[in-house]
Amino acid sequence: SGIPSQEPLRIISDNGQWLLAETYYARGYVPADQVMRVEEKYLRSAVFLTVTGCRVMGERSGSYPVWFPMGVYLPLEQELENRYLVRVAQGGSKKHWETVSIAKTQDIIKGYARYSALAVVKLAKKQIGHLYDWGGRYGGLDCSALVMMVYRCFGWFLPRNTKQQQSIGTVFTFRRDMTLQERLTALGHAQPGDLLYMPGHVAIWLGKKGNHLQVLHASFTAGEICTLSMNVNHKNAQEFLFKLEKINRIS
56 SGIPSQEPLR IISDNGQWLL AETYYARGYV PADQVMRVEE KYLRSAVFLT VTGCRVMGER
116 SGSYPVWFPM GVYLPLEQEL ENRYLVRVAQ GGSKKHWETV SIAKTQDIIK GYARYSALAV
176 VKLAKKQIGH LYDWGGRYGG LDCSALVMMV YRCFGWFLPR NTKQQQSIGT VFTFRRDMTL
236 QERLTALGHA QPGDLLYMPG HVAIWLGKKG NHLQVLHASF TAGEICTLSM NVNHKNAQEF
296 LFKLEKINRI S
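Counting the sequence shown from 1 gives a position; the numbering used here is that position plus 55.
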């Protein structure tokens, strides 16, 4: 699984070139030159920023900009009239702290976002058009990472994969023997922002408009994060309904 910039890691072992490390959601090997060791107090800053856009740009003196994806936590060093200054760790052969300037006009807030179902939908829609990327190897998001990073904006740190995520929140479980109409009725109780789980996939429910079921998800087929509108009288919507396993609401 890909790891966002500035993500805290716990180092388990170090062979000089590779570190065996873990985040709250994954364990694996990472290049040692891409990790900077810091004091634990850095990870517990009382005043911090959260990226609430698809990504925001940080400016560095005399160097190329740095980009931070949605959900990233950045300890605040100083607040100016129009900008925030944050201290970020830089990897490479000469690891060091660097001050980065982020304009307040970008999608970034102090602390965590205030949760509501509509806020979940609003944040998720900011990712529309972003690259689908299984495992986050090239800077994109897969379906469960999309959900994870959206909910991080509210201070909720969900598991990384769909199977583990299904155990979080209020759940409605679809029985295998449910008819199409029973499944439609059950889905009628879902609220925008609820999570719809099926084997190996998760989508964010947007609602039903007329005869159309509307979801937002990271689509392997489309190659990007997109919305999907399905007519309940058509085969693709019916296949979708029969794949559903759970509706989760995190609140």
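Each residue gets a CB set at the ideal place from its N, CA and C atoms; glycine is no exception. All figures in this text were calculated on a predicted structure; none of them were measured in a lab.
- In the pairwise beta carbon analysis, the region 169-176 is classified as touching the region 244-260: at least three pairs are separated by under 8 Å.
- Here residue 226 is not near residue 213, since their CB atoms are 8 Å or more apart.
- Assignment of residue 175 by DSSP, reduced to helix, strand and coil, places it in the helix class.
- In this model, residue 85 and residue 264 are separated by some 45 Å (Cα to Cα).
- Listed in chain order, the non-local C-beta contacts of residue 114 below 6 Å within the same chain comprise 120 and 156, local neighbours out to five positions each way being set aside.
- Under the rule that a run must span 4 or more residues, the alpha helix (DSSP H) segments found entirely inside the region 208-291 read 217-220 and 235-242.
- DSSP places residue 162 in the coil class of the three-state scheme, outside both helix and strand.
- DSSP places residue 104 within a strand segment (E or B) once states are collapsed to three.
- In this structure, residue 279 sits near residue 184, with a CB-CB distance shorter than 8 Å.
- Annotation for residue 303: the continuous beta strand (DSSP E) segment containing it runs 301-304.
- Under DSSP, the beta-bridge partners assigned to residue 112 are 122.
- Check the Cα spacing between residue 63 and each of 132, 128 and 196: the tightest is with 128.
- The C-beta separation of residue 126 from residue 208 comes to about 6 Å, placing the pair in contact by the 8 Å criterion.
- Using a Cβ-Cβ distance cut-off of 8 Å, the region 280-300 and the region 230-239 are in contact, since at least three pairs of beta carbons, one from each stretch, lie closer than that value.
- Straight through space, the alpha carbons of residue 148 and residue 117 are spaced by roughly 19 Å.
- By the neighbour-count criterion, in which 16 or more other beta carbons inside 10 Å mark a residue as buried, residue 289 falls on the exposed side.
- Taking each of 257, 276, 274 and 283 in turn and checking the Cα distance to residue 267, the smallest one comes out for 283.
- DSSP places residue 144 in the strand class (E or B) of the three-state scheme.
- Judged by their CB atoms, residue 88 and residue 146 are nearer to each other than the 8 Å cut-off.
- Of the candidates 71, 99, 109 and 67, 109 places its Cα closest to the Cα of residue 59.
- Going by DSSP, residue 69 is part of the beta strand (DSSP E) stretching over 65-69.
- The beta carbon of residue 72 lies closer than 6 Å to those of 87 in the same chain, with the five residues before and after it left out.
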